[in-house]
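Shown next, in structure tokens, is the structure this report addresses.
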Amino acid sequence: MTSVSFPAGFRFGAATAAYQIEGAAAEDGRGPSIWDDFCRVPGKVLNGDTGDVAVDHYHRYREDVALMRDLGLHAYRFSVSWPRVQPTGSGKPNAAGLDFYRRLADELLAAGIEPWPTLYHWDLPSPLEDAGGWPERDTALRFAEYAAAVHDALGDRVRHWTTVNEPWCAAFLGYASGEHAPGRREPAAALDAAHHLMLGHGLAVAAMREARPDNRFGAAVNLYAVSAATPDPADLDAARRIDGMQNRFFLDPLLRGRYPDDVLDDLAGFGFDPDAEDMAVIAQPLDQLGINYYTRHTVSGLPGAATQAASSPFSAHSPWVGSADVRFVPAGRPVTDMGWEIDEVGLREVLTRVHRDYPGVPLYITENGAGYDEDAGPDGTVHDTGRVRYIEAHLRACRDAIGDGVPLAGYFVWSLLDNFEWAWGYSKRFGLVRVDYATQRRTPKDSARWYAGVIGRGGV
Ligand code: IFM
């Protein structure tokens, strides 16, 4: 294979999220979140796992930053736990919570690593869910206040801000299929949740930008390549619908200030009637758009089509509001342990499509990586060739997209560390670094050493 280099200034990083790694669930004033509650409902998370301890990053963040420095990471994407900063979801911030993120940011900066916080990676404070959660407009207002408080504390040392992570998951897995917290199965409420997540994003960007116009603001959306299983009109329409709900339902409001007409037509009957005045708020100019990419959806609208294995252990209900009858069809590519087909061509496709249809925004891959449950040797080493192959192929696709003219400025591996994989508990491992959950011992996998080489050379 030929070697490829990335342009000077391209940022290589790795990503995590608070509930998945921090632990310390009841320390220093942290309040409960919907994930703390959800994990306690029997049958919601595999093996009854919880994020109570996770990988204890709250206490081991110095060791983890040292690992990042050894890898040569340019940037580290982490999320801020809302209930650590505002234990009840509103009101005066908890000083101990803000202090943790200040210490983390300072440790990163001292190691020469840029901190990239995300303000919402799914851990809504429980009292806000008790008041109705994301389907309630007030949650968006509370989110903007919380964002402003974190930004006020860290805006002097943190330049790149991501508001919400994967609003599709938060809205549709959380409120339509119920596979994720808070576990509700109310399709119409899920649509309102999605709208309010984007409204919260817009309000937060406006507030933070007013305080520090020189900071950079964006959101992170999970985008998929979408293909029709066959040229049959029913399959082509299924692809339009899934692309509509997964990709355009978020990209159009964020970058064009409106929902796609065909998607609104598909949703007739769900009472989705977003406030027209919200659209300009949602469409704040973005300094960066984060794209999380893992796989392609191949879909069919034909009743007899084969269906792919479920992507969550508890996915009996559909997250596809308005398209529950669409089938997800195996296309025969190799899969990771998540059952997700490996398709790096889809990443190039997504990047060139976003650049073509929504031009002018610097793009970052804010997540990409592979879940494999590899065996560790007695010394903790893991020869994770599958992960190396996955990341290398996707990095090459990124470089191809840059060659196509896409303004892609950075790439973050998901994830730095093995961690709590939501409904799958600790059964799926995405880390560059192996964590022995019994001892919390960290051991860089082969992929970590390989990625360090990529960063050192500026290419693969
Ligand atoms: O672990 C998750 C992350 O929290 C959000 N994006 C996808 C990852 C892998 O499922």
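Throughout, the working numbering is defined as the position within the sequence shown, counted from one, plus 9. Just so it is clear, CB atoms sit at the ideal spot from N, CA and C, and this is done for glycine as well.
Classify residue i as buried or exposed, calling it buried when 16 or more other Cβ atoms lie within 10 Å of its own Cβ.
i	result
S90	buried
P134	buried
S456	buried
V50	exposed
M10	exposed
N56	exposed
A410	buried
G40	buried
S424	buried
P328	buried
D132	buried
T448	exposed
S332	buried
E116	buried
R405	buried
H326	exposed
S12	exposed
V354	exposed
P196	buried
S14	exposed
A289	exposed
R71	exposed
H68	exposed
D287	buried
R466	exposed
Mind checking which residues open and close the alpha helix (DSSP H) that includes residue i?
i	result
E376	Taken as a continuous stretch (DSSP letters only), E376 belongs to no alpha helix (DSSP H), being part of the beta strand (DSSP E) at L372 to E376.
W431	Note, W431: premise wrong, no alpha helix (DSSP H); not H, not E.
E154	R146 to L163
F21	Looking at the DSSP string, F21 is not in any alpha helix (DSSP H); the run it does join, the beta strand (DSSP E), is R20 to A24.
V335	It is not in any alpha helix (DSSP H) - V335 carries neither H nor E in the DSSP assignment.
R365	E353 to D366
R218	P196 to A220
Q29	A27 to I30
C48	I43 to C48
R265	F258 to R265
D246	P242 to D252
Find out if the Cβ-Cβ distance for the pair residue i, residue j is shorter than 7 Å.
i	j	result
R112	G22	no
R342	S309	no
A156	Y184	no
D210	R146	A small fix is needed here, since residue 210 is His in this sequence, not Asp. It is not a contact, given that the beta carbons lie outside the stated cut-off.
A229	G299	yes
V94	V159	yes
L208	A149	yes
L417	V442	no
V359	A238	no
I122	H66	no
G32	N103	no
A24	F429	no
F19	G192	no
A385	E188	no
N301	N256	no
T171	A213	no
T304	E350	yes
T452	G389	yes
R365	D296	no
A153	A216	yes
D261	R267	yes
F281	L200	yes
H306	I374	no
S8	P92	Residue numbering for the chain in the displayed model covers 10 to 469; residue 8 lies beyond these limits and cannot be assessed.
M347	G380	yes
What are the boundary residues of the beta strand (DSSP E) that residue i is part of?
i	result
R450	R450 to P453
H169	H169 to N174
L298	L298 to N301
V235	A234 to A237
F226	R225 to N231
Restricting to runs no shorter than 3 residues, where is the beta strand (DSSP E) found entirely within the region 384-446? Within the region 384-446, the beta strand (DSSP E) runs of at least 3 residues that lie entirely inside it are, in chain order, 417-423 and 442-445.
Hey, which unbroken runs of the beta strand (DSSP E) at 3 residues or more fall wholly within the region 71-155? 84-88 and 123-129
Could you name each continuous alpha helix (DSSP H) segment of 4 residues or more that falls completely within the region 268-313, going from the start of the chain to the end? Counting only runs of 4 or more, we get 270-275 and 287-291.
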